[in-house]
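Visitor: Numbering (our numbering), first residue to last: 4 to 308.
Glycine is no exception: its CB is placed at the ideal position from the N, C-alpha and C atoms.
Handing you a structure now.
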Amino acid sequence: MPDELFEPYALCETRKLLEETPVSDEVFSAYRSLFDYDPLPLDARVESRHEDHEDWVREKVSYVAAFGGERITAQLFLPGNVNPPYQAVLYFPGSGAIPAGPTDRVEQRGEFRNNVAFLIKTGRAVLYPAYRGTNERRHDIPQSVHWSQDPTHEFTAFQVNIVKDVQRSVDFLRSRPDIDPNKIAYSGFSWGGSMANLVLAVGDSFEAAVLNVGGIHAHGTPRPEVDYINYAPRVTVPVLMLNGRYDLAQLFGAEVQPMYELLGTPQDHKRLIVYDPDHFIDRREVVNETLAWLDRYLGPVTTAR
């Protein structure tokens, strides 16, 4: 074997996030305004309704996006064992949603079975949108743009549009008479756990959040308008973080611990639980801790049919 194959391999430099200083409140206010949009009619539609599952009803819905004249498609799962108005969870998936097919088939994915199904079975509605660049809204957007952390306008614009999709999805949930507008939580897995830095900081849409293997990216330095380090300190909602100690996708010391420490959420209302596995936490732990957290901040689901 050639000797050069055994030479040290230089990894890209890792940011020391806790040694960096987030921007001032005045500057952040300008960054925050990038996510504002004109109040457009939702023009919400139920495209189809499916009642063939024993635990839930699935509605394929659509509503107007905040940009480009697009429509956001989403799957809304309504629990079959609870009377409305329902508590609701807005779900943000991992990067597997980028190359995945239409959300019509989302129930077949392992991520749904592990991270979403239990929420519906225990009585909460779940909205699973096709965010820009994912599922049926892929639009041939290069996969690298989603998490490149490059200081480009392309990456910045993409991040802004993704957050607007989240905000419009909350607008949709609040427009539904069968959803309690004051009891909406955020659940993000992997990519969705990291996007929470932006999502939770730019509005007051959620009562609580559960982040399954999320963190602040320590590789790459995006433009400050979408640099997570400027947003994490502005998050104030209750946050539960579930992470793996040996996760190579979300490095504990460089990305997970800094995010937890930087979160502006009061200490009594944020919690980091570290497990020995890597990027996939034992499902029983995810279920138990998530339900306990949602019960604490949304209230337990008690109105059984």
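1) What is the DSSP secondary structure of residue 60, counted as helix, strand or coil?
2) Alpha carbon to alpha carbon, how far is residue 150 from residue 84?
3) From 260, 201 and 204, pick the residue whose C-alpha is nearest to that of residue 393; which is it?
4) For residue 102, which residues of its own chain have a beta-carbon under 8 Å away from its beta-carbon, when the five flanking residues on both sides are left out?
5) Hey, out of 135, 52, 69 and 125, whose CA is closest to residue 98's CA?
6) Might you give, ordered along the chain, the residues of its own chain that have their beta carbon closer than 7 Å to the beta carbon of residue 239, omitting 5 neighbours on each side?
7) State the beta-bridge partners of residue 76 as determined by DSSP.
8) Please confirm if the region 34-53 is in contact with the region 69-84, defined as three or more CB-CB distances below 8 Å between the two stretches.
9) If contacts are defined as beta-carbon pairs under 8 Å, then residue 187 and residue 93 qualify, I think. What distance do you get, rounded to the angstrom?
10) Contact check, residue 282 vs residue 252 under 8 Å by CB: the rounded distance?
11) Checking 8 Å against the spacing of the C-beta atoms, do residue 172 and residue 132 come in under that value?
12) Note down, in chain order, each residue of its chain lying with its Cβ closer than 6 Å to the Cβ of residue 230, except the 5 sequence neighbours on either side.
13) State the DSSP-derived secondary structure class of residue 139, mapped to helix, strand or coil.
14) Using the Cβ count rule (16 or more neighbours within 10 Å means buried), how would you classify residue 30?
15) Would you tell me roughly how many angstroms separate the C-alpha atoms of residue 122 and residue 10, rounded to the nearest one?
16) Could you tell me which residues DSSP pairs with residue 234 in its beta bridges?
17) How long is the line joining the alpha carbons of residue 60 and residue 7, rounded to whole angstroms?
18) Which of the three DSSP states, helix, strand or coil, is assigned to residue 165?
Guide: Here's the rundown:
1) Numbered from its first residue, the sequence shown carries residue 60 at position 57. Strand at residue 60.
2) Here residue 150 is taken as the residue at index 147 of the sequence shown, counted from 1. Here residue 84 is taken as the residue at index 81 of the sequence shown, counted from 1. Using only the alpha carbons, I get a separation of about 38 Å.
3) Only positions 4 to 308 of the chain appear in this structure, which leaves residue 393 out of reach.
4) Here residue 102 refers to the residue found at position 99 when the sequence shown is read from its first residue. Excluding positions up to five away in sequence, the list reads 141 and 146.
5) Translated into positions along the sequence shown, residue 98 becomes position 95. Closest option to residue 98, Cα to Cα, is 135.
6) For the purposes of this step, residue 239 is taken as residue 236 along the sequence shown, with counting starting at 1. These residues qualify, in order along the chain: 267 and 268.
7) As a first step, residue 76 is located in the sequence shown; it is residue number 73 there, counting from the start. DSSP output for residue 76 lists 65 as bridge partner(s).
8) Touching, per the Cβ criterion.
9) Taking the sequence shown and counting its residues from 1, the one referred to as residue 187 is at position 184. Taking the sequence shown and counting its residues from 1, the one referred to as residue 93 is at position 90. About 7 Å; that satisfies the 8 Å criterion.
10) Stepping through the sequence shown from its first residue, residue 282 is reached at position 279. Stepping through the sequence shown from its first residue, residue 252 is reached at position 249. Going by Cβ atoms, the distance from residue 282 to residue 252 rounds to 5 Å, so yes, they are a contact pair.
11) Reading the sequence shown from its first residue, position 169 is the one you call residue 172. Reading the sequence shown from its first residue, position 129 is the one you call residue 132. A contact, by the Cβ cut-off of 8 Å.
12) By one-based count along the sequence shown, residue 230 stands at place 227. Nothing listed; no residue qualifies.
13) To locate residue 139, count along the sequence shown from 1; it is residue 136. It is helical.
14) Taking the sequence shown and counting its residues from 1, one reaches residue 30 at position 27. The residue in question, residue 30, is exposed, as its Cβ has fewer than 16 Cβ neighbours within 10 Å.
15) As a working mapping, residue 122 is identified with position 119 in the sequence shown. As a working mapping, residue 10 is identified with position 7 in the sequence shown. Near 49 Å, if we compare the C-alpha coordinates of residue 10 and residue 122.
16) Your numbering for residue 234 matches position 231 in the sequence shown. Looking at the DSSP assignment, residue 234 forms no beta bridge with any residue, so it has no partner.
17) The count along the sequence shown starts at 1 and reaches residue 60 at position 57. The count along the sequence shown starts at 1 and reaches residue 7 at position 4. One C-alpha to the other measures close to 59 Å.
18) Counted from its first residue, the sequence shown places residue 165 at position 162. Helix at residue 165.
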